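Residue numbers (the working numbering): 176 to 258. Worksheet: the structure to be examined is printed underneath.
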């Protein structure tokens with residue numbers, strides 16, 4: 176699984192977060208997407224690679240600006256996982 180962190184400029188409220196989340200869900204096959212206007216970022220969990228260019232395009236079409244994009248491997252932390 177891949178965790179993609181997207182810095183987004185222009186989100187001002189919960190409706191903005193929902194707008195970005197919906198745009199990402201409609202464009203890509205993702206496991207989970209959450210946005211925070213206070214942190215100015217969106218976190219995407221996915222099994223498949225997402226093109227940075229396509230991601231930027233989708234966010235721009237939703238009316239927001241991508242500031243940065245970073246990828247990292249993601250492993251779900253279970254109840255008995257080691258810290």
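Virtual Cβ for every residue (Gly too), placed ideally from N, Cα, C. Because the structure is a prediction, the values reported are computed rather than measured.
Around the beta carbon of residue 186, 16 or more other beta carbons sit within 10 angstroms, so the residue counts as buried. Fully enclosed alpha helix (DSSP H) runs of no fewer than 4 residues occupy 227-236 of the segment 209-248, in order along the chain.
Pairing residue 223 with residue 217, the inter-Cα distance amounts to about 17 Å. The Cβ atoms of residue 233 and residue 181 lie no closer than 7 Å to each other.
Only residues of its own chain outside the window of five on either side were considered, and among them none has a CB closer than 6 Å to the CB of residue 235.
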